[in-house]
Structure formats: C-alpha cells, structure tokens
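Note sheet for the following structure.
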Amino acid sequence: MEAAVVLNVSVKTLQNWRVTGAGPKFVKVGAAVSYRYSDLLAFIRKNTFASTSEGGAQ
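Residues 0 to 57 (numbering that gives the first Met the number 0) make up the sequence shown, in order.
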C-alpha cells in the first residue's frame, strides 16, 4: 500500500517531509524511496492527539 494513502496526504507532501525531516522515517535505495509500515504507524501514533491544545497545534 502506498504511504500517501496510509497517511492521507499527497505524494508531494511526503516529498516535502523528506526534505524537511518532518515526516516518517523512510528507506532510500538508489533513487527508490519506500516506507516501512511500522514506521508509518509510529508516525501516526506520534502525531495523534486528544485535543488541539496538545502537540502545539495552533
């Protein structure tokens, strides 16, 4: 399954996150970029909040 679908973001967003370091961990072999499902789940857990006052969301 494609990482963008799992995270409900665009492929461009994933590209931007890789540049800025804001997204999930990724694996790069040559020009191919992939994501381990466990890293996507960890990213989701890390960015799951009960209210907008958590996590610095403004």
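Note that CB positions come from ideal geometry on N, CA and C, so glycine has one too. No experiment lies behind these values; they were computed from the predicted model shown.
Subject >> Asn46: CB within 7 Å of a non-hydrogen atom of the ligand MG >> reply: This structure simply doesn't include the ligand MG, nor any ligand for that matter.
Subject >> Gly54, buried or exposed, once every other Cβ within 10 Å from all chains shown has been counted against 16 >> reply: exposed
**OP:** Kindly indicate which residue of Lys24, Ala31, Gly29 has the alpha-carbon position closest to the one of Lys45.
**Re:** Lys24
Original post:
Are Ala3 and Val10 close, meaning C-beta to C-beta below 8 Å?
Top reply: yes
Subject >> Spatial distance of Asn7 from Gln14 (CA atoms) >> reply: 14 Å
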